[in-house]
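Protein chains: 2
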Amino acid sequence: MASSTPSSSATSSNAGADPNTANLRPTTYDTWCGVAHGCTKKPVQFLLEVVDILLNYVRKTFDRSTKVLDFHHPHQLLEGMEGFNLELSDQPESLEQILVDCRDTLKYGVRTGHPRFFNQLSTGLDIIGLAGEWLTSTANTNMFTYEIAPVFVLMEQITLKKMREIVGWSNKDGDGIFSPGGAISNMYSIMAARYKYFPEVKTKGMAAVPNLVLFTSEHSHYSIKKAGAALGFGTDNVILIKCNERGKIIPADLEAKILEAKQKGHVPLYVNATAGTTVYGAFDPIQEIADICEKYNLWLHVDAAWGGGLLMSRKHRHKLSGIERASSVTWNPHKMMGVLLQCSAILVKEKGILQGCNQMCAGYLFQPDKQYDVSYDTGDKAIQCGRHVDIFKFWLMWKAKGTVGFENQINKCLELAEYLYAKIKNREEFEMVFNGEPEHTNVCFWFIPQSLRSMPDSPERRERLHKVAPKIKALMMESGTTMVGYQPQGDKANFFRMVISNPAATQSDIDFLIEEIERLGQDL
Amino acid sequence: MASSTPSSSATSSNAGADPNTANLRPTTYDTWCGVAHGCTKKPVQFLLEVVDILLNYVRKTFDRSTKVLDFHHPHQLLEGMEGFNLELSDQPESLEQILVDCRDTLKYGVRTGHPRFFNQLSTGLDIIGLAGEWLTSTANTNMFTYEIAPVFVLMEQITLKKMREIVGWSNKDGDGIFSPGGAISNMYSIMAARYKYFPEVKTKGMAAVPNLVLFTSEHSHYSIKKAGAALGFGTDNVILIKCNERGKIIPADLEAKILEAKQKGHVPLYVNATAGTTVYGAFDPIQEIADICEKYNLWLHVDAAWGGGLLMSRKHRHKLSGIERASSVTWNPHKMMGVLLQCSAILVKEKGILQGCNQMCAGYLFQPDKQYDVSYDTGDKAIQCGRHVDIFKFWLMWKAKGTVGFENQINKCLELAEYLYAKIKNREEFEMVFNGEPEHTNVCFWFIPQSLRSMPDSPERRERLHKVAPKIKALMMESGTTMVGYQPQGDKANFFRMVISNPAATQSDIDFLIEEIERLGQDL
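In the order they appear, the protein sequences are chains A and V. Here the numbering used here is used: position 82 in the first sequence is 82, and no number is missing along the way. Here the numbering used here is used: position 294 in the second sequence is 294, and no number is missing along the way.
Below is the structure:
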């Protein structure tokens, strides 16, 4: 397919094209000099060929006879698969080879949109979202000023307002921004809290204030600790609160640890409540946590990166009851709402804090003497300078589905999780990690191989059980038929964490996953 | 175009489609339920219609008879243009309307790829890069683990290695990561420096270490100060070093300020040298700064977000001489190399620091007992959790152009800047902000209206001159023919900052810009 016989073309850096497919197509990219003079015939032809490859990929993604992945080890891909060489070189490749590279990149990748891919919280391939992202790339602009992203800046403002309304804040003029992922959104929340209570940190640093302490649960996302380290609090000052057997914060332990910190002369600043933990899908009791935050005058953040989508569902939003009492909320539409990666919002109840916290007034970008209302420029409230347009795909999906469309899609995923739970809870081949109906789409379970079924609990059994999920996962990736994650948690041996966020998944896909685990685990 | 007459379709949430265009097309998105069962005929048809809109946009972007923008004030767009309503609603819109929304989003946006768009450091619309980004969206995966992004993770590793080689580091096993923009890359550099010298900050926070001080020039990017605020140093501990008339750091002032900080009992930690400042395009004297950093044992970071591209040019890379002595480098391919936003790398000379600094070992994501070599998982060295795939478009462009292609493209942009400088330096209508040939593609100048040409320097003249650029820029945006930025700098009145990073720009576009400034400024 990819011929690279040297041609006699004008520039020495050209590789030749396959004569059978050459017609409109130039041999290499640098012969597209017509672009500078407005000729786009060849580039458009090239893009159409790429689109053909992509649409073929989209078709196959939804075709269950296609594998989820074709696994290769790093050394295999690095050594170079047939015709696919990852190394970069001084001279250009032929455009024929570039098309082959595109095909191979998809071939050796993972189909995260496949209805049987359950490995991550972000799954699916929403077609409207995909169209939105293609448009975003084509527009190739930057969110920092209204000047060069007028439509996107307004879409972001309108969408953030809508999200704040759905959270339930009654004030009109809150704030927020789309950030590159939930970890950064959570980082923003801590910065906002610090600025609200100790604005002098901005100029004088953490050395100028008392020993500030952050609280989050032992089941919460590691990004709170990571932000604690980055922002200069130190991980020792990120106190982990105990959870009950369902992975929910125990409010009494939170209060005890706040008092303990105060006794040490430390200053409690911030509590993170999680709405939808990563592994168990647990919802912390926000009302009780909010009571404690009010009592001790602490900033309440709700990390609803994973659970935020449930706010769109009249049936499930009660699980986040009390979220309207938070001062800030992380909510990732790229998870439960099926928006393409990346799409994460940090919402802040009070306007002005993000701006105050991050503003540096760079004259070259945020000129106060522009001809339009510069309050629409967003760059001075971000920790980024340039900022990718994450809003459009989400806005377009919302237009195309309506709020009710998201509601239906989320309800459907939760029904599938209930189906899975009902299917395996009483079977001897499976053991649930915690009891009771799933609150989110997380269903956590062990597969118990024949050899362990009659064995009583013991360190040996736990040790053997710990190896089961990794073994099955390895076989699963080799066979490429489906993908699901596993991990240990606390002193619990490795277990499978099933999550469903792809509206293309059906009961038959759940059945398939369970059968596949049984098939792969039968001889363990 | 967008009919929304209610139809008698099965679901109550459907809006009707124009009967003339209905054929294959469903009326709303939720009638695509076939996707779940593997039928993708209608979604593929929809994507093809979007592609048609996008290719039309691409064609027009390179057509100089098309305007760069069709400017509207925020209130105008918010009130709703004909058929284009930004508000979100509960019910879905028809797919016809979704296509109209796509067209209108592009119509009211800014063509950053237009050969006459000079407003930002990131310009252009590279076709291979665009194809790469379309593929990236379609693959919709996440950089945190090899497991779900095997090809992209390896491409990143290979590209980072290549970039480190080009920087000139002789050690084999450095490190780096692609981050969401130069500001975050610069933030990483400060975190790395802090971890190298004071690893205890990770656990104990900034209160546990002496008063640490960062140094950067008064012309450097504001992200250094912003990171200083965020990471808990405080902006008072980000010391600004004086620059000469070309915007380059004065090494003697750096050394004096280091000594001053030490005298106060503070601890100098980190120096940022800029290779290509935002406004002047100045290159700090890295060799001299490196000497000072060695003398005082400080971390040297080079912010080459803008200037890094020149490393690809044998003719221009001497401007960054000494960069190989840095401990870390920021380099944004999305600027001078014309890669689509976002694409920014933080390169670190020593392996292990990013990992040590950011590692939290989340068990659910980075299982040590996976079947592949988990050292390829990248998530634990990032401050993000999920991370967008920024590498593919860049890798694909490199394949298609080769190193020599980037070199040619960058040399060409620099030649255009020289052309512009030569064109206006001796004309009475223009006054240069600093003397001498441009080192980068930044050309900074005042347009002097007739009324000010014979007026000697005075506060009144400066005050009037200060208003000239904003007025011309406002007229320019209203007419939509071209775009260039302006800003003040220090005590200098507003001036134009011309930058060229779009390889589609030609001398005729430079001529056009100058004529347009003269035309719009003739009556001022």
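Even glycine gets a Cβ: it sits at the ideal position worked out from N, Cα and C.
P456/V burial status per 10 Å Cβ neighbour count (16 or more: buried): The residue is exposed, with fewer than 16 neighbouring Cβ atoms inside 10 Å.
Neighbour flag for Q489/V against chain A, beta carbons, 9 Å: For Q489/V, the closest Cβ of chain A is nearer than 9 Å.
Contact residues within the region 373-386 of chain V, judged by C-beta distance below 9 Å to chain A: Identification of residues in the region 373-386 of chain V having a C-beta nearer than 9 Å to some C-beta of chain A yields D373, S375, Y376, A382, I383, Q384, C385, G386, given in sequence order.
Cβ neighbour criterion (16 or more within 10 Å) applied to D373/V: Result: exposed.
Option nearest R519/A by Cα separation, candidates L269/A, W299/A, K471/A, E431/A: Of the candidates L269/A, W299/A, K471/A, E431/A, the one whose C-alpha sits nearest the C-alpha of R519/A is K471/A.
9 Å Cβ cutoff met for F406/V and A36/A: Going by beta carbons, F406/V and A36/A fall outside the 9 Å limit.
Span of the alpha helix (DSSP H), counted from its first residue to its last, around H466/A: Taken as a continuous stretch (DSSP letters only), the alpha helix (DSSP H) holding H466/A covers 459-479.
Between the CA atoms of S94/V and K423/A - distance to the nearest angstrom: Each residue's Cα considered, the two are about 38 Å apart.
Where the alpha helix (DSSP H) containing P150/V begins and where it ends: Note, P150/V: alpha helix (DSSP H), 150-167.
Pick from K107/A, Q355/A, P268/A, G402/A that is closest to N211/A, judged by C-alpha positions: Taking only the C-alpha atoms, the option nearest N211/A is P268/A.
Separation of Q450/A from Q507/A, as counted between CA atoms: Their Cα atoms are separated by approximately 26 Å.
Sequence-distant residues of the same chain with beta carbon closer than 6 Å to M483/A, five excluded per side: Hits under 6 Å: V68, F117, N119.
Where Y197/A falls: helix, strand or coil (DSSP): Secondary structure of Y197/A (DSSP, three-state): helix.
C-alpha gap between R246/A and S328/A, whole angstroms: Approximately 24 Å, taken between the alpha carbons.
Residues within the region 196-221 of chain A neighbouring chain V, beta-carbon criterion of under 9 Å: Cβ contacts with chain V: E200, V201, K202, T203, K204, G205, M206, A207, A208, V209, P210, N211, L212, H221.
Inter-residue Cα distance where the pair is T21/A and K248/V: In this prediction, T21/A scores a pLDDT of 41, lower than 50, which makes its location untrustworthy; the coordinate-derived value is nonetheless stated afterwards. Cα atoms of T21/A and K248/V: separation of roughly 52 Å, rounded to the nearest angstrom.
is_contact[M360/A, chain V] using C-beta, thresh 9 Å: Taking CB atoms only, M360/A has a neighbour in chain V less than 9 Å away.
Chain-ordered residues of the region 255-285 of chain V with a beta carbon less than 9 Å from chain A: The region 255-285 of chain V vs chain A, Cβ under 9 Å: T278, V279.
Closer than 9 Å to chain A by CB, S223/V: The Cβ of S223/V sits closer than 9 Å to at least one Cβ of chain A.
Cβ pair I224/A, N171/A closer than 9 Å: Taking 9 Å as the Cβ cut-off, I224/A and N171/A do not qualify as a contacting pair.
Euclidean distance between Cα positions of Q371/A and Y146/A: Q371/A and Y146/A have their C-alpha atoms spaced approximately 11 Å apart.
Through-space distance from A362/A to V44/A, alpha-carbon basis: Pairing V44/A with A362/A, the inter-Cα distance amounts to about 38 Å.
Close-in-space but distant-in-sequence residues of the same chain around Q487/A (CB under 8 Å, 5 per side omitted): For Q487/A, where only same-chain residues beyond five positions count, the Cβ hits under 8 Å are V279, N494, F495, R497.
Cβ of N411/A within 9 Å of any chain V Cβ: Chain V places no beta carbon closer than 9 Å to that of N411/A, leaving this residue out of the contacts.
CB contact flag (A131/V, F46/A, <9 Å): The criterion of a C-beta distance shorter than 9 Å is satisfied by A131/V and F46/A.
Any 3 or more C-beta pairs closer than 8 Å across the region 302-322 of chain V and the region 411-426 of chain V: Enough Cβ pairs lie closer than 8 Å, so yes.
Sequence-distant residues of the same chain with beta carbon closer than 7 Å to C357/V, five excluded per side: Spatial neighbours of C357/V in its own chain (CB-CB distance under 7 Å, excluding positions within 5 residues in sequence) are listed in chain order as M191, A192, Y195, K202.
Terminal residues of the beta strand (DSSP E) in which I241/A lies: 238-241 is the extent of the beta strand (DSSP E) around I241/A.
Beta bridge counterpart(s) of A345/A as assigned by DSSP: Partner(s): F178/A, W331/A.
Burial state of A256/A (16 or more Cβ within 10 Å): Label assigned to A256/A: exposed.
Three or more C-beta pairs below 8 Å linking the region 74-88 of chain V and the region 47-62 of chain A: Output reads no: the region 47-62 of chain A does not touch the region 74-88 of chain V.
H301/A in three-state terms, based on DSSP: Of the three classes helix, strand and coil, the one that applies to H301/A here is strand, per DSSP.
Which residues DSSP lists as bridging M432/A, in chain order: DSSP lists F445/A as partners of M432/A.
D491/V classed as buried or exposed, judged by whether at least 16 other C-beta atoms fall within 10 angstroms: Burial check for D491/V: the Cβ neighbour count within 10 Å stays below 16, so the residue is exposed.
Bridge-paired residues (DSSP) for G485/A: R497/A.
Alpha-carbon spacing of G16/V relative to I98/V, whole angstroms: Because the pLDDT at G16/V is just 37, under 50, the model does not fix this residue reliably, and the value given afterwards should be weighed accordingly. Between G16/V and I98/V, the C-alpha separation is close to 13 Å.
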